């Protein structure tokens, strides 16, 4: 099947979508991160081969430089008649980003409990950016600083003031999510 289910992409699947040996995946994010861990395990680097009880993946901290979901736009329109067109919605963007924030501190099936340092793309919609409508609508906020939708951050995180800090990223560090300004 060449279609990725929306529930798998949005962290909402309540069943194992993909099974890879002993690893079971209910979301695409974990599967992609664990693919990187699996590639790292195959690299022949002395630092990764120390005999101290840690597996190779545990020696490396994975950082996800961008992860997000558009709130507007479509995946096509001029494609073949049988092609499926996905229309981005505020509801799906909110679901994805909220579930991402809630999930990254848990680790992945391959590295449970190891937080994945993740940066949310993007803080602001880029209404003047050329290109596809989806590309202009990944922001948590409109250019006028009004929220596109609300994200509930864990209690130990206080989002920064947008006026004093116009750019920030979510970071998972020391098993807790924190804001990086």
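Residue numbers (our numbering): -5 to 175.
Virtual Cβ for every residue (Gly too), placed ideally from N, Cα, C.
Keep in mind it's a predicted model, so treat the numbers as computed, not measured.
query: Could you check if residue 109 is buried or exposed, using at least 16 other CB atoms within 10 Å of its CB as the buried criterion?; result: buried
query: Alpha carbons only, please: which of 128, 134, 26 is nearest the one belonging to residue 105?; result: 26
query: Ends of the alpha helix (DSSP H) at residue 58?; result: No alpha helix (DSSP H) holds residue 58; the beta strand (DSSP E) holding it covers 57 to 61.
query: Residue 54 and residue 91 - do their beta-carbons sit closer together than 8 Å?; result: no
query: Helix, strand or coil for residue 29? Go by DSSP, reduced to three states.; result: helix
query: Look up residue 103 in the DSSP assignment and give the residues it is bridged to.; result: Paired residue(s): none; residue 103 is not in a bridge.
query: Hey, out of 132, 99, 12, whose CA is closest to residue 83's CA?; result: 132
query: For residue 68, list the residues DSSP reports as bridge partners.; result: 81
query: Put residue 14 into one of helix, strand or coil per three-state DSSP.; result: strand
query: Short of 7 Å in beta carbon distance, which residues of its chain neighbour residue 116, apart from the five on each side in sequence? Order them along the chain.; result: 62, 132, 133
query: Reducing DSSP to helix, strand and coil, say where residue 92 ends up.; result: helix
query: Within the same chain, show all residues whose beta-carbon is closer than 6 Å to that of residue 76, passing over the 5 residues directly before and after it, in chain order.; result: With a pLDDT of 47 at residue 76, under the threshold of 50, the modelled position of this residue cannot be trusted; read the value that follows with caution. Once the five neighbours on either side are set aside, residue 76 has no close Cβ partner at all.
query: What's the C-alpha gap between residue 65 and residue 148?; result: 22 Å
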